[in-house]
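Only one structure is covered here, and it is reproduced in the block below.
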Amino acid sequence: MSEPRPTRVVLGISGASGAAIGVAIAEKLAAAKIETHLVVSRAGERTLVHEVGPQALGRLRNLVHATHAIEDIGAAIASGSFASAGMIVAPCSMRTLGAIAATIPSDLLTRAADVHLKERRPLVLIARETPLHLGQLRAMTAVTEYGAIVMPPMPAFYLKPVSVAAIVEEIAGRALALLRLPGVAAPAEWTGEGGSP
Numbered sequence: 003m004s005e006p007r008p009t010r011v012v013l014g015i016s017g018a019s020g021a022a023i024g025v026a027i028a029e030k031l032a033a034a035k036i037e038t039h040l041v042v043s044r045a046g047e048r049t050l051v052h053e054v055g056p057q058a059l060g061r062l063r064n065l066v067h068a069t070h071a072i073e074d075i076g077a078a079i080a081s082g083s084f085a086s087a088g089m090i091v092a093p094c095s096m097r098t099l100g101a102i103a104a105t106i107p108s109d110l111l112t113r114a115a116d117v118h119l120k121e122r123r124p125l126v127l128i129a130r131e132t133p134l135h136l137g138q139l140r141a142m143t144a145v146t147e148y149g150a151i152v153m154p155p156m157p158a159f160y161l162k163p164v165s166v167a168a169i170v171e172e173i174a175g176r177a178l179a180l181l182r183l184p185g186v187a188a189p190a191e192w193t194g195e196g197g198s199p
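Per this note's numbering, the sequence shown starts with residue 3, numbered consecutively.
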């Protein structure tokens, strides 16, 4: 009898604002001991340095099981035979979302996303842009029709967050909840007006 496959998640970080969300997701996956495979675009690397700090990429690499180069189309995560519980792109730039919508994978990040769609595995795109033009909205519609979940990083103001860090943590938790992973704590739940979150 074959051994059960490990629970794995692919984490993509592209070059949109909100890089701290990707870092928070990696931290939560590491805490839950979930095997995580990371791929970061060149623009994503720049955004990590600018928004999180010069040590961000090194910290990320220490949190995950494997880091794959953006141009390595031959990496394990480029194949449908590499089983995973899902993929999150956090943040997901409009360029990345457009490439996924057009089904033209131009690098490992968009190829891995395309693989998740074709294998009917969860793909969560934390799409970061505002305001949106019609082409971007159509791209979001297209990826949703293909089976992806578009999750703009909207704060849950009803939880009364007291810091940007609290907002980042809550968005990261909500994204992970969509994958229904074992051992990953669920985000705070709305208990109704007058209740305590």
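Where a beta carbon is used, it is the ideal one built from N, C-alpha and C, also for glycine.
Beta carbon of residue i nearer than 8 Å to that of residue j
i	j	result
Ala1	Ser86	Lying before the first or after the last residue shown, residue 1 is absent from the chain, which here runs from 3 to 199.
Val122	Gly149	What sits at residue 122 in the sequence shown is Arg, not Val. In this structure, Gly149 lies closer than 8 Å to Arg122 by Cβ.
Thr9	Pro184	yes
Thr112	Ala101	yes
Leu178	Val166	no
Ile27	Leu50	no
Leu181	Pro133	no
Val170	Ala22	yes
Reduced DSSP category for residue i - H, G, I as helix; E, B as strand; rest coil
i	result
Ser4	Any reading at Ser4 needs caution, since the residue's pLDDT is 49, under 50, leaving its predicted position unreliable; the model's value is listed next. Coil, per DSSP.
Thr14	Thr is not the amino acid found at residue 14; the sequence shown has Gly there. Strand at Gly14.
Thr112	helix
Glu171	helix
Val152	strand
Arg63	helix
Arg140	helix
Val164	coil
Leu178	helix
Leu31	helix
Arg97	helix
Arg44	helix
His52	helix
Leu183	coil
Thr132	coil
Glu73	coil
Ile79	helix
Buried or exposed (CB count within 10 angstroms, at least 16 for buried), residue i
i	result
Glu195	exposed
Val25	buried
Thr2	The question about residue 2 has no answer here: the residues shown for the chain are numbered 3 through 199.
Lys162	exposed
Gly137	exposed
Ala77	buried
Ser4	With a pLDDT of 49 at Ser4, under the threshold of 50, the predicted position of this residue should be treated as unreliable, though the coordinate-derived value follows. With fewer than 16 other Cβ atoms within 10 Å, it is exposed.
His135	exposed
Leu203	The chain is shown from 3 up to 199; residue 203 falls before or after that span and cannot be answered.
His70	buried
Thr146	exposed
Val164	exposed
Heavy atom of the ligand MG within 7 Å of residue i beta-carbon
i	result
Val164	This structure does not include the ligand MG; it has no bound ligands of any sort.
Residues sharing a beta bridge with residue i, DSSP
i	result
Val91	Gly14, Leu127
Ala68	His39
is_contact[residue i, chain B] using C-beta, thresh 8 Å
i	result
Pro93	This model lacks chain B altogether; it includes just one protein chain.
Cβ pair count under 8 Å reaching 3, the segment 120–134 against the segment 87–107
yes
Is the number of C-beta pairs between the segment 61–73 and the segment 35–43 that are closer than 8 Å three or more?
yes
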